[in-house]
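Residue numbers (my numbering): 3 to 144.
Backbone N, C-alpha and C fix where the C-beta goes; we use that ideal spot for every residue, glycine too.
Since this is a predicted model, take the numbers as computed values, not measurements.
Working notes for the structure below.
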Amino acid sequence: MSQAKPGDTVRMHYTGSLADGTEFDSSAGRDPLEFRLGSGQIIPGLDAGVTGMEVGDTKTVVIEPSDAYGDRDPARVQAVPREQIPDHIPVEPGTQLQMQTPDGQTMPVMVAEADQSQVTLDANHPLAGQQLTFDVELVEIV
């Protein structure tokens, strides 16, 4: 049997969980995830973990933040005056919003905190700073 190598298109089922066991994503009930190994389509640690697997193999891959979504960056958290956010925009903590950067790019942010005077927005990826564990099954090498 052949092993998955960079450049191969592979299909896999997976379940992703945090260090405390909380599941954050899974392909259960969906088609397997399809991607090309080594292309940057998935996080580096998972890409490396799948490399070398054979069809039918199962594996648990533990990924440190540096090979996933990076460490949390305090510079990506910003408090803005409440009056700069239109009244029709929800500002409950946990709400996902999009803001525009000075150069016109759209960036996803999450409301971290809000009070009458300011709203704290967090542009870190929600999984930044987290060790991730993936249980994977290689279904196919296309």
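Looking only at C-alpha atoms, which of the options sits nearest to residue i?
i: M55; options: Q5, N126, T108, P92; result: Q5
i: F136; options: M3, K7, E85, H15; result: H15
i: T122; options: G131, I87, F37; result: I87
i: S68; options: P95, G51, G47; result: G47
i: P128; options: F37, T97, L140; result: T97
i: F26; options: A130, V144, Q43; result: A130
i: A77; options: T11, I143, V144, D124; result: D124
i: N126; options: G58, L140, M109; result: M109
i: G31; options: Q43, G42, T17; result: T17
i: T53; options: M112, T11, T103, A114; result: T11
Just reading off the alpha helix (DSSP H) that residue i is part of, what are its end residues?
i: V52; result: 46-52
Beta carbon of residue i: closer than 7 Å to some heavy atom of the ligand FAD?
i: Q102; result: This structure lacks the ligand FAD, and indeed carries no ligand of any kind.
Helix, strand or coil, according to DSSP, for residue i in the structure here?
i: Q80; result: strand
i: D137; result: strand
i: D69; result: helix
i: Q86; result: helix
Hey, how far is the Cα of residue i from the Cα of residue j?
i: L35; j: T60; result: 15 Å
i: L99; j: M3; result: 46 Å
i: V145; j: G23; result: The structure shown has nothing for residue 145, since the chain only spans 3 to 144.
i: D33; j: V63; result: 20 Å
i: P8; j: I91; result: 44 Å
i: L134; j: S29; result: 16 Å
i: E142; j: A114; result: 40 Å
Which stretch, first to last residue, makes up the beta strand (DSSP E) that contains residue i?
i: H15; result: 11-20
i: E115; result: 108-116
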